[in-house]
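Chains as they are written, first to last, in our numbering: chain A, 1 to 196; chain B, 1 to 189.
All C-beta atoms in this analysis are idealised placements derived from N, C-alpha and C, irrespective of residue type, glycine included.
Worksheet: the structure to be examined is printed underneath.
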Amino acid sequence: MTNFEERLLVELRGRVADLPADRGRRRPLWRRPRLAVAGGLAVAAVAAATVGVVFLSTGTQAAYAVTKNADGTVTVEIDSLTDAAGLQANLQAAGVNAVVEYLPTGKMCREPWFTPAGPAAAGSESSSSVGKNSDGSFSFTISNDIPAGDTLVISTQSGDGSQALGMAIAQGTVPPCEVVDAPAGSGPLGGPPVSG
Amino acid sequence: MQELTELRSDPDAFERFYRRHVEAVQRFVARRVSDPYVAADLTADVFVAVIESAGSYRRSRGEPAAWLFGIARNVVAGEHRRKAKELRTVAQIRGRELVDEEDLAALQERIDSEAGARELYRELDGLPAGERAVLELVALDGLSAVEAGHALGIGAVAARVRLHRARRRLQSRLDPLDLGANDLPEVTT
Chain A
1 MTNFEERLLV ELRGRVADLP ADRGRRRPLW RRPRLAVAGG LAVAAVAAAT
51 VGVVFLSTGT QAAYAVTKNA DGTVTVEIDS LTDAAGLQAN LQAAGVNAVV
101 EYLPTGKMCR EPWFTPAGPA AAGSESSSSV GKNSDGSFSF TISNDIPAGD
151 TLVISTQSGD GSQALGMAIA QGTVPPCEVV DAPAGSGPLG GPPVSG
Chain B
1 MQELTELRSD PDAFERFYRR HVEAVQRFVA RRVSDPYVAA DLTADVFVAV
51 IESAGSYRRS RGEPAAWLFG IARNVVAGEH RRKAKELRTV AQIRGRELVD
101 EEDLAALQER IDSEAGAREL YRELDGLPAG ERAVLELVAL DGLSAVEAGH
151 ALGIGAVAAR VRLHRARRRL QSRLDPLDLG ANDLPEVTT
């Protein structure tokens with residue numbers, strides 16, 4: 001191999017050795033029981049530009065892929081913000097009690113929408129890391145220790161020209177989203193403007 | 001071949017995979033970019049993505065090589081989109097920093113030898129993304145339609161249909177394009 005190939009191998013071996021044994025135990029995206037908001041480049045900053053790949057057909061525009069992993073975690077790849085109901089159904093089928101809500105730009109669910117899970121749950125490893133892939137899609141892995149009865153909330157929206165993806169864990173079931181106008185000047189998901 | 005999750009956890013397993021495929025990945029990249037430093041960055045990006053995505057490989061999706069090409073295609077396509085948008089990227093491993101003068105010559109040589117492929121790569125601009133993806137893997141990288149389907153996570157029939165459409169589109173638009181279209185697999189669907 002060339003010098004470059006050898007050096008790259010050393011770097012990559014180091015990465016493999018540094019990876020935690022359990023993907024589900026990577027740095028949680030959110031610690032507090034509220035919607036975590038991340039948009040556009042902000043996601044890349046949070047996730048250190050996680051590089052991933054999405055096995056979705058680009059022609060027929062499959063919107064997402066849900067993969068149940070051998071260790072009980074579930075990997076989700078979102079290619080486009082369409083077919084929320086289908087993603088929700090696929091997550092349910094994979095054993096994840098989830099609510100998926102995609103809202104048009106400028107809209108949000110009326111707050112308070114759901115009861116966030118307590119700090120204990122949100123501070124556990126129930127959460128997941130999220131990555132914005134190089135092709136603009138999102139991917140994240142849901143660990144298998146979301147408390148029984150709680151609901152994973154995934155809410156996405158385009159705002160200010162950027163795609164945003166928010167996740168939280170709700171106590172119990174999540175009431176239907178009552179779509180309202182997001183306040184003027186708010187960022188994706190009706191939260192504060194996202195910079196970056 | 002087993003599942004590839006061990007690539008995430010076993011550096012030795014990763015090294016075997018890397019040694020087996022690193023040349024093919026670099027050729028793949030050289031068929032798409034002409035800057036040796038960008039090529040080095042992308043080669044690093046592809047293998048970082050391999051580690052990240054090892055859990056997504058399924059035997060039912062064909063050989064690991066096809067899966068790898070699917071990853072490589074996404075990484076390179078992502079780079080082109082970023083460049084178009086002039087977005088700054090945060091690379092996990094900066095491949096170019098691992099390149100010395102000797103490497104540069106080897107990288108450049110590989111790039112020079114793939115000039116024709118890069119010309120074809122540019123010709124594919126404007127094709128619908130799904131059709132382009134299949135044609136790219138078949139015409140540039142020598143995959144069969146079925147393998148291209150594996151790489152892209154689509155079925156063999158869908159891959160053949162897209163290949164067929166892409167060929168027709170190119171022939172009507174770019175004729176006479178030296179695409180080697182006659183060498184492409186016949187569409188039987």
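Exposed or buried, which one is residue i when buried takes at least 16 other CB atoms within 10 Å?
i             : result
residue 82/A  : exposed
residue 64/B  : buried
residue 60/A  : Only weak support is given to the placement of residue 60/A: the predicted model assigns it a pLDDT of 44, under 50, and the value that follows is read from those uncertain coordinates. Exposed: under 16 other Cβ atoms inside 10 Å.
residue 153/B : buried
residue 141/B : buried
residue 171/B : exposed
residue 55/A  : Note on residue 55/A: pLDDT 31, under 50, position unreliable in the model; no value is reported.
residue 80/B  : exposed
residue 168/B : exposed
residue 16/B  : exposed
residue 60/B  : exposed
residue 93/A  : exposed
residue 53/B  : buried
residue 103/B : buried
residue 122/B : exposed
residue 10/A  : exposed
residue 101/B : exposed
residue 55/B  : buried
residue 229/B : No answer is possible for residue 229/B: the residues shown for chain B start at 1 and end at 189.
residue 30/A  : Since pLDDT at residue 30/A reaches only 35, below the 50 mark, its modelled position is unreliable, and no value is offered.
residue 104/A : exposed
residue 175/B : Because the pLDDT at residue 175/B is just 47, under 50, the model does not fix this residue reliably, and the point stays unresolved.
residue 168/A : buried
residue 115/B : exposed
residue 176/A : exposed
What is the C-beta distance between residue i and residue j, in whole angstroms, given that I count them as a contact (C-beta under 8 Å)?
i             : j             : result
residue 44/B  : residue 29/B  : Going by Cβ atoms, the distance from residue 44/B to residue 29/B rounds to 10 Å, so no, they are not a contact pair.
residue 106/B : residue 2/A   : 5 Å
residue 151/A : residue 99/A  : 6 Å
residue 11/B  : residue 16/A  : 5 Å
residue 84/A  : residue 117/A : Wrong, their Cβ atoms sit about 21 Å apart, outside the cutoff.
residue 72/B  : residue 22/B  : So it is not a contact: roughly 11 Å between Cβ atoms.
residue 191/B : residue 32/B  : Coverage of chain B is limited to positions 1 through 189, which leaves residue 191/B absent and any answer about it impossible.
residue 34/B  : residue 111/B : 6 Å
residue 8/A   : residue 130/B : Not really, about 31 Å apart at Cβ, beyond 8 Å.
Ordered along the chain, which non-local residues of its own chain (more than five positions away) have a Cβ less than 8 Å from that of residue i?
i             : result
residue 78/A  : 63, 64, 87, 137, 138, 139, 156 and 165
residue 91/B  : Confidence at residue 91/B is low in this model, with a pLDDT of 48, below 50, so the placement of that residue should be treated as unreliable; the coordinate-derived value is given next. So the list reads 41, 44 and 45, once near-sequence residues are dropped.
residue 6/A   : none
residue 90/A  : 64 and 66
residue 257/B : Missing from the structure shown is residue 257/B; chain B here goes from 1 to 189 and no further.
residue 7/B   : 13, 14, 17, 50, 51 and 54
residue 115/A : 170, 171 and 172
By Cβ distance, which residues of its chain are closer than 6 Å to residue i, with the 5 residues on each side in sequence left out?
i             : result
residue 110/A : 178 and 180
residue 67/A  : 75
residue 106/A : 182
residue 99/B  : 40
residue 112/A : none
residue 49/B  : 71 and 75
residue 97/A  : 151
residue 158/A : Residue placement at residue 158/A is flagged as unreliable, the pLDDT there being 46, under the threshold of 50; the coordinate-derived value follows with that caveat. Around residue 158/A: 105.
Name the one or two DSSP bridge partners that residue i has.
i             : result
residue 154/A : 100/A and 167/A
residue 65/A  : 77/A
residue 12/B  : For residue 12/B, which the question treats as bridged, DSSP gives no partner whatsoever.
residue 109/A : 179/A
residue 116/A : 170/A
Give me, in chain order, the residues of the same chain whose beta-carbon lies closer than 7 Å to that of residue i; leave out the 5 immediate sequence neighbours on both sides.
i             : result
residue 124/B : 132, 135 and 136
residue 57/B  : 3, 4, 64 and 67
residue 147/B : 62 and 66
residue 173/A : 151
residue 156/B : 145, 146 and 149
residue 69/B  : 28, 137, 141, 143 and 151
residue 69/A  : 75
residue 149/A : 172
residue 162/B : 130, 131 and 134
*4 or more residues per run - each alpha helix (DSSP H) lying fully within the segment 127-178 of chain B*: 129-135, 145-152 and 156-174
*asked:* In chain order, what are the residue ranges of uninterrupted beta strand (DSSP E) at least 3 long that sit wholly in the segment 58-83 of chain B?
replied: none
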